[in-house]
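Heads up: the sequence shown at position 172 corresponds to 173 in our numbering, and the numbers run straight through without jumps.
Think of the CB as a built atom: it goes at the ideal place given N, C-alpha and C, for glycine as much as any other residue.
Data block below; observations after.
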Amino acid sequence: MTRALPFRLVALALLGGLLAAGCGRTEATAPAAAPAVPVSVQVASAEARRLPGQLEVTGSLVPDAQTEIASEVAGRVLETRVERGSVVPAGAVVARVDDEEARHALREAEATEAQTAARLGLTPGATFDPAATPDARKAQATAERAEAEHRRYATLVERGLVSRSDYELRRMEYLTARAEHEAEINTARQLHQTHLAQRARVALARRAVTEAVVRAPFDGLIAERHVSVGQYLTKGARVATLVRTDPLRVELAVPESAIGAVRRGQKVSFAVQAYPDRRFEGTVAWVGPSVRADSRALVVEAVVPNRDGRLQPGFFVTASVELPAVRPAVLVPAAAVRTVAGVSSVFVVRNERAERRLVQPGRQVGELVEIERGLEAGETVAVGGHERLDDGTLVAVAGPGAAGATSR
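As structure tokens, then:
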């Protein structure tokens, strides 16, 4: 028993020496770590540029023009040619009203006017002359004959061939005939005024016949149709509501604190819920003269083209009004910004190393993005290749990015 113990100790000592020798060879023969290979990236410089400011407001779309199309004549509706939502050009027929009574009134007015024209001896296109009417010419002929008799009797009475009483009788006949001629001329003038009034009544009657066909006064959209076939209309009754949808106007409520920065001609960009992925643009055309007491806001209207008809009156809008530039903004190419789960970052290249920087992006200007926070103008950022980069990655600059920016 006492002999076995020293043997075990010797064996353990030999095994420990062998293990130590093996470990020493392993450390001595292990290869050295390979040097890091730099990642090739393109870079761009963050630039400083003065951008117009923006005012975020809300509002709604309203028609450029709106009118209630009314019937100018009384009668029963014979036909309607529009429905709610119909797009109509100016002059399009909206409805037709029974015009039989209007046509009878027109024929009566035309007959009366023609009768008076015949009494005046007027022909189409002729100029009125009160002395040229048939009655006036007849009275003129009578007056000329009486004047000739008066002159003849004046000669005879001087020669003593006729009595003084016969001469006075012819003289009175002459004066009477001349007065009757003047009276006929005055009567012709009065009759001419009557004729003018009758012509006006003919025009009104003709217009009544024309207005039995109700037409659209301008290009637009039928918002409501208020009548149906067979319905009796009084004069002035509503037939349809017409709105002009190209262009439209967007009414914006500008807070009192920003009133001084809003001017005519400024650009407005807005979005509607119906088209969440699209932005529309307009131009400020009218600035209200006073602030509303209930909201302490100023109403501003912008004109918005709507050629494709996508926008509809009544849409709620969220808009940005372009304001004068007040501070420089930092811009980088859009390819330099990576956003994951709502967190945006860029890789700043400094001393051949990539440094990940959290940033807050703002507006997009063409191919550039505004960086509101997290980056300074003049810093160099990697354009693309984010999946190969990490904080501290060694990089090699391959050249300026395709959307590179330079400081201004």
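Item                                                                                                                                                                     : Value
What three-state label does DSSP hand residue 141 in the structure shown?                                                                                                : helix
Mark residue 154 as exposed unless 16 or more other C-beta atoms lie within 10 angstroms of its C-beta, in which case mark it buried.                                    : buried
Pull up the distance between the alpha-carbon of residue 55 and that of residue 324, whole angstroms please.                                                             : 5 Å
What residue does the beta strand (DSSP E) around residue 369 start on, and which one ends it?                                                                           : 369-374
Under the DSSP definition of a beta bridge, which residues are partnered with residue 268?                                                                               : 284
To the nearest angstrom, how far is the alpha carbon of residue 49 from that of residue 369?                                                                             : 12 Å
When the Cα atoms are used, what is the spatial distance from residue 337 to residue 308?                                                                                : 37 Å
For residue 193, I'd like the list of residues in its chain whose CB is within less than 8 Å of its CB, leaving aside the five on either flank, ordered along the chain. : 121, 129 and 131
Starting from residue 243, trace the beta strand (DSSP E) both ways and give me its first and last residue.                                                              : 239-256
According to the neighbour-count rule (16 or more other Cβ atoms, all chains shown, within 10 Å of its Cβ), is residue 141 buried or exposed?                            : buried
DSSP on residue 353, reduced to helix/strand/coil?                                                                                                                       : coil
Please say whether residue 245 and residue 304 have beta carbons closer to each other than 9 Å?                                                                          : no
State the start and end residues of the unbroken beta strand (DSSP E) segment that holds residue 45.                                                                     : 40-46
Expressed to the nearest angstrom, what Euclidean distance is found between the alpha-carbon atoms of residue 248 and residue 66?                                        : 9 Å
How many Å lie between residue 253 and residue 78 at the Cα?                                                                                                             : 41 Å
DSSP on residue 391, reduced to helix/strand/coil?                                                                                                                       : coil
So is residue 60 buried or exposed if we call it buried at 16+ other beta carbons inside 10 Å?                                                                           : buried
What's the C-alpha gap between residue 276 and residue 315?                                                                                                              : 14 Å
At what residues does the alpha helix (DSSP H) containing residue 203 begin and finish?                                                                                  : 165-211
Once you ignore the five residues that flank residue 174 on each side, which residues in its own chain have a CB closer than 8 Å to its CB?                              : 147, 150 and 151
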